[in-house]
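Everything below concerns the one structure shown next.
Number of protein chains: 4
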Amino acid sequence: MNFRSDNTAPAAPEIIAALTSVNESAAPAYGEDQWSKRLNETFSDVFERDVRVFTVASGTAANAICVASLTPPWGAVLCHREAHIECDECGAAEFYSGGAKLVLIDGDAAKLTPATLEEGIARNERGIHSVMPSAISVSQTTERGAVYKPDELAALGKIAKRAGLGLHMDGARFGNAVAALGCKPADITWRAGVDLLSFGATKNGAIAAEAIVCFDPARAEEIGRRRKRSGHLFSKGRFVAAQLLAYLDNDLWLKLARQSNAMAARLGEAALPFLSHPVESNQLFIKPGPEALAKLRAAGAEFYDWGNGQSGEARLVVSWNQSEADINAMIKALSALR
Amino acid sequence: MNFRSDNTAPAAPEIIAALTSVNESAAPAYGEDQWSKRLNETFSDVFERDVRVFTVASGTAANAICVASLTPPWGAVLCHREAHIECDECGAAEFYSGGAKLVLIDGDAAKLTPATLEEGIARNERGIHSVMPSAISVSQTTERGAVYKPDELAALGKIAKRAGLGLHMDGARFGNAVAALGCKPADITWRAGVDLLSFGATKNGAIAAEAIVCFDPARAEEIGRRRKRSGHLFSKGRFVAAQLLAYLDNDLWLKLARQSNAMAARLGEAALPFLSHPVESNQLFIKPGPEALAKLRAAGAEFYDWGNGQSGEARLVVSWNQSEADINAMIKALSALR
Amino acid sequence: MNFRSDNTAPAAPEIIAALTSVNESAAPAYGEDQWSKRLNETFSDVFERDVRVFTVASGTAANAICVASLTPPWGAVLCHREAHIECDECGAAEFYSGGAKLVLIDGDAAKLTPATLEEGIARNERGIHSVMPSAISVSQTTERGAVYKPDELAALGKIAKRAGLGLHMDGARFGNAVAALGCKPADITWRAGVDLLSFGATKNGAIAAEAIVCFDPARAEEIGRRRKRSGHLFSKGRFVAAQLLAYLDNDLWLKLARQSNAMAARLGEAALPFLSHPVESNQLFIKPGPEALAKLRAAGAEFYDWGNGQSGEARLVVSWNQSEADINAMIKALSALR
Amino acid sequence: MNFRSDNTAPAAPEIIAALTSVNESAAPAYGEDQWSKRLNETFSDVFERDVRVFTVASGTAANAICVASLTPPWGAVLCHREAHIECDECGAAEFYSGGAKLVLIDGDAAKLTPATLEEGIARNERGIHSVMPSAISVSQTTERGAVYKPDELAALGKIAKRAGLGLHMDGARFGNAVAALGCKPADITWRAGVDLLSFGATKNGAIAAEAIVCFDPARAEEIGRRRKRSGHLFSKGRFVAAQLLAYLDNDLWLKLARQSNAMAARLGEAALPFLSHPVESNQLFIKPGPEALAKLRAAGAEFYDWGNGQSGEARLVVSWNQSEADINAMIKALSALR
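Protein chains in written order, with our numbering: chain A, 116 to 453; chain B, 116 to 453; chain C, 116 to 453; chain D, 116 to 453.
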């Protein structure tokens, strides 16, 4: 009953197979191989427009490069107080951007709303003595497992454009969002005004494969330079390209995401009285109190406390390969708390 | 007849098998898995002392983190004019270090000597108006395929210590150096005064697996922070750990390196009249003139020109999996030039 | 009736005279002149211990260099939400530190308390995925004109030491604090645990003269390098040294600060019903509402709105040279609001 | 007989007088005062076109901000091996630019030529693995006291434009260059293709007054941000503005520069057999050998050795206020060597 994180899951068999399949004879290095070269086209199909794709080693790298490409060093990046770029990346956004400032916005379910975003922009416009609002970063799904609907994102995108701010999406669990919404990937990205997407595959079945999807051709050159300079251009690029191609092939990514979302929904029903938020994707947040959490652990469940440890709140993340037995056991343990 | 780079080679079957072998059930993320945890011990065995190991995605990342850990932003890093960190990493060392300066030293075979190093240090000691000599970076094997002998390195290490400078080794082809020298890994690293080693596996049979080997426990905490902050801490760390464990297991790394060294030596005999340098590892530099290079290409050989394109010089890199047929064909083509 | 800022005031005649007095014949450049060389000794007398002094061109430079010297790039600097380094320096702390993060603490009168500081430290200790609490920055006087008493600072200093954090003081109005407290400069700096002080003279009668006062000899070398590298080492250093020597000579600084504090106290009595905070130094914050502020302006008063412009709050800053007539006129205008 | 540097000279009386003249009553802070506001217009007159002017505290700050505005962090800045930005600013250009690389070009008299510049550009165009040539920095006068003629600069400017590179001029001794050439300031700046000029006044009679002159309106916003962020926006801006206005008023700057140039020319005649370069401005380089230098020092002359101390070469800098007696004594001492 390991619900610590989808990062703890193994890779899907299709991903492993893909590595083997490209491991024959020599291939050009640094992204000039045939598989890497197919990435732009394949992602362009998925996103229904020409995009440029840059693979990197981690979600942190994808996020930091994207943020740095959208803000000058003296800029401010507006994001939620619980955003991964703020809380969990050891200041990568500040490092890559040359010292931009993250400006934090509060709100339920780790979401920005038009009102809180407008307020955050207004609060930071103080001329040359202050950092300059330059970009917005949203997470889809959010750090609380919530999902922005296309029109919610479009509303944020409209504000971004009006204010002249770039819009980045941290899509570490982008597949879970698309699966949950049943929408087109385009609907929650460029059609809503997103300029750069961190497209995550690692949590949802890959080994280590993240991609920066660039919807703005004018930024591509810079992103390529930033990637190389930070050591995220792989010499044997075929192996990360192969993962991503397999991930997108036959909608594997959506199958895996639907699976974890569905299992999470089942857990959500069992945990209904304790939910901090409605379950929208593959993460649940429950707040049954410290004693109840101790009981879950006693029953064999593994998960992270959320908040400061005394809050009695916990996060449960369902992975693509979570077993039926795991889920059933957890449902039983949760039901025992009611 | 692809002699472009060992980066173009596939991964060794043992490496691929290792990925599969760790791909079962959940494992803790971010280096807390059992395989990642074995890295310190395994490398400590190889290096005959306690070391701390930090995996990263690329040699550029390893080099840049090491250099940044050895110099303040206002420092100077002495390296050869042809060093990879100077020529081929898009300024990664400057990025990671916050703007340190690389001070370039000339010399045959891309090697530093005690004399040139002392001169470089002396030339840059000008008080507060100048950057402060802080570190030295050497490549083993060098960018010209040369190999530093243990006593050569010890002489550089002595200068480094006396001048209070850190010593970094770019070991992108470290296996080829150890194989060529038949020495202990310790003899050309910490015993000679090396503080930090970029230990490369990718070029010599891995998929994407590089390790920072830290011989100075006091620097380990900082290196861990720098790695995380730059996006090089893998969430599913087991997959890179598995590659490195397989690489070291049963001296696979030395077997592969001996193989490419030996093949290069055979090519070197055939190319004797054209060699820019004696062949010491798996790289050859030949200078038969532009017309001769055109003939080699006409015979099916692929390689990079070296220098400015009109120099008539070329680099040939032999990979771990270079076929006997390739080598024989190349020997034939080279012999035809004589 | 200009109460916009003490930055709008002219320089004291003693400061101007000092410039003339050092303007004869040649003098060594870059701080090797006789006046610059006297700074360490003079400040050591004032602070009752050996200190190292580094002059810079602005308070922003002093603050940013201090902060950068107390935190690694991956560190967190705890400060009040209204701190000058957060709100008014265009991200200088982030620039100089290589991207450290400012962690914001709320509290009345722009002050940190032991409780809020402890909470801020605890909230940010999350291991390698998060930035690492490394330093604390307090402003004396605060951005709300409040003054930390020696024991209040000592309590913060104790927490800093226990947690292994450096302690910086932004003393842009340090003279006003010392004058208000009637204490020794040492009592609110190194005796309380302050490591680095931005000692401001510009607002209180100088032209452009700020000094970093370093209480920790081990940091001096680094500060000198950071100053040079950022372009804050003056070639004709005698002119800034002369200002500082004149500023300290015969307690000029305290005379000027007492004068502005006393005038502010008089204003404070007149503004009693509208005060946001008790008046402790040379800044007043009043909140009589938008209409009352309009009346003050109609009466000829100049000042900045505080907050978002609709708050009906304003800041009044009294300068060292504020005329009796100005003060009396303002008292009359304030009294008319009651 | 102090010929160490023009940095050792006092300020001209007109500059001191200017400080006094602006020191009355309150004036808006941060460059909003009437004197600061006149800078754009005054410099626009001098340069015969609309320019934007940004005052800073030092030549290092001016240079570093200019360079950073012309190159991305992954860029290369081409400059002479002896350039001040390379040798004497403790890596300021690297700091401000976020780690750009200075690419060094050799050549007589510390000058770039079209041939060496083209070669430098070509040598560094190696695609994404290398830093990207982005800017050129020239010094006028050069670090060897040489002066670029308008057509020499125009030739470099043409190369810059063709290659898409920005062109910066380090004009720490710009006045000496204009005085030597008898040309219009425009002829050796924007008419020749210069984008940004570090206009120095400190060495030639000011206290501390340097200005970034921006010929490209599109860069002005960024320069203002970089200045603020680095702590070089003065709160009491009137005092630096006053220096610059007095410096330009009635061609004071050219009078002072002509004076030091003329005195240097006299010294040059006396030193003719020992000159390393013809004397073109207010700096002389002589190479009479170590013993001769010792004799000069024995005669009371102060100056810096040039090169490594054993070279027997020295630099003599003539200041605006160098006395007739000084010059005559030095001429006598030099003549005694012949």
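We treat Cβ as the ideally placed atom computed from N, Cα and C, and that holds for glycine.
{"Query": "Endpoints, the beta strand (DSSP E) within which residue 283 of chain B is located", "Result": "281-286"}
{"Query": "Nearest-angstrom Cβ-Cβ length linking residue 174 of chain D and residue 317 of chain D, presumed shorter than 8 Å", "Result": "7 Å"}
{"Query": "Buried versus exposed, by CB contacts within 10 Å (16 or more), residue 148 of chain D", "Result": "buried"}
{"Query": "Chain C within 8 Å of residue 212 of chain D, Cβ atoms only", "Result": "no"}
{"Query": "Residues that residue 251 of chain D contacts on chain C, provided the C-beta gap is smaller than 8 Å", "Result": "Neighbours of residue 251 of chain D on chain C: none; closest Cβ ~21 Å, over 8 Å."}
{"Query": "Which listed residue (B:378, B:254, B:422) has its alpha carbon closest to that of residue 391 of chain B", "Result": "B:422"}
{"Query": "Residue-level contact to chain G via CB, residue 222 of chain D, 8 Å cutoff", "Result": "Included in the structure are the protein chains A, B, C and D, with no chain G among them."}
{"Query": "Residues near residue 145 of chain D by beta carbon distance below 7 Å, same chain, minus five either side", "Result": "348, 350, 352"}
{"Query": "Same chain, Cβ closer than 7 Å to residue 217 of chain D, neighbours up to 5 away in sequence not counted", "Result": "192, 194, 200, 201, 208"}
{"Query": "Length at least 4, wholly inside the stretch 116-180 of chain B: the alpha helix (DSSP H) runs in chain order", "Result": "128-136, 149-162"}
{"Query": "For residue 421 of chain A, the residue or residues it bridges with in DSSP", "Result": "A:428"}
{"Query": "Residue-level contact to chain D via CB, residue 325 of chain B, 8 Å cutoff", "Result": "no"}
{"Query": "3 or more residues per run - each beta strand (DSSP E) lying fully within the stretch 201-268 of chain B", "Result": "216-220, 247-254"}
{"Query": "Chain D within 8 Å of residue 421 of chain B, Cβ atoms only", "Result": "no"}
{"Query": "Pairwise C-alpha distance: residue 270 of chain D and residue 228 of chain B", "Result": "40 Å"}
{"Query": "CA-to-CA distance, residue 340 of chain A to residue 176 of chain A, given in whole angstroms", "Result": "13 Å"}
{"Query": "Contact belief for residue 326 of chain B with residue 168 of chain B at Cβ below 8 Å, rounded distance in angstroms", "Result": "5 Å"}
{"Query": "The stretch 428-438 of chain A contacting the stretch 386-406 of chain A, beta-carbon criterion three pairs below 8 Å", "Result": "yes"}
{"Query": "Outcome for residue 334 of chain B when other beta-carbon atoms lying within 10 angstroms are tallied against a minimum of 16", "Result": "buried"}
{"Query": "Proximity test, Cβ basis, 8 Å: residue 394 of chain A and chain B", "Result": "no"}
{"Query": "Inter-stretch contact at 8 Å, needing at least 3 Cβ pairs: the stretch 431-439 of chain A / the stretch 374-382 of chain A", "Result": "yes"}
{"Query": "Residue 300 of chain D classed as buried or exposed, judged by whether at least 16 other C-beta atoms fall within 10 angstroms", "Result": "buried"}
{"Query": "Own chain partners of residue 367 of chain B with C-beta closer than 6 Å, once the 5 adjacent residues on each side are dropped", "Result": "129"}
{"Query": "Proximal residues of chain D, C-beta to C-beta of residue 203 of chain B below 9 Å", "Result": "241, 244, 245"}
{"Query": "Run of the alpha helix (DSSP H) containing residue 408 of chain B, from where it starts to where it stops", "Result": "405-413"}
{"Query": "Test: residue 206 of chain D CB closer than 8 Å to a CB of chain B", "Result": "yes"}
{"Query": "Nearest-angstrom beta carbon gap, residue 214 of chain D and residue 214 of chain B [assumed within contact, 8 Å]", "Result": "5 Å"}
{"Query": "Three-state class that DSSP yields for residue 398 of chain B in the structure shown", "Result": "strand"}
{"Query": "CB contact check: residue 152 of chain B to chain C, cutoff 8 Å", "Result": "no"}
{"Query": "Contained beta strand (DSSP E) runs [length at least 3] in the stretch 271-322 of chain A, N- to C-terminal order", "Result": "281-286, 311-315"}
{"Query": "C-beta neighbour in chain A for residue 368 of chain C, strict 8 Å", "Result": "no"}
{"Query": "Own chain residues within Cβ distance below 7 Å of residue 150 of chain D, not counting five before or after", "Result": "137, 353, 356, 357, 360"}
{"Query": "Whether residue 372 of chain D touches residue 290 of chain D by CB criterion (8 Å)", "Result": "yes"}
{"Query": "Beta bridge counterpart(s) of residue 326 of chain D as assigned by DSSP", "Result": "D:170, D:314"}
{"Query": "Beta-carbon separation (whole angstroms), residue 231 of chain C vs residue 212 of chain C, contact threshold 8 Å", "Result": "Rounded, the Cβ-Cβ distance is 22 Å, inconsistent with contact."}
{"Query": "Sequence-distant residues of its chain with Cβ nearer than 6 Å to residue 170 of chain A (five each side left out)", "Result": "326, 355"}
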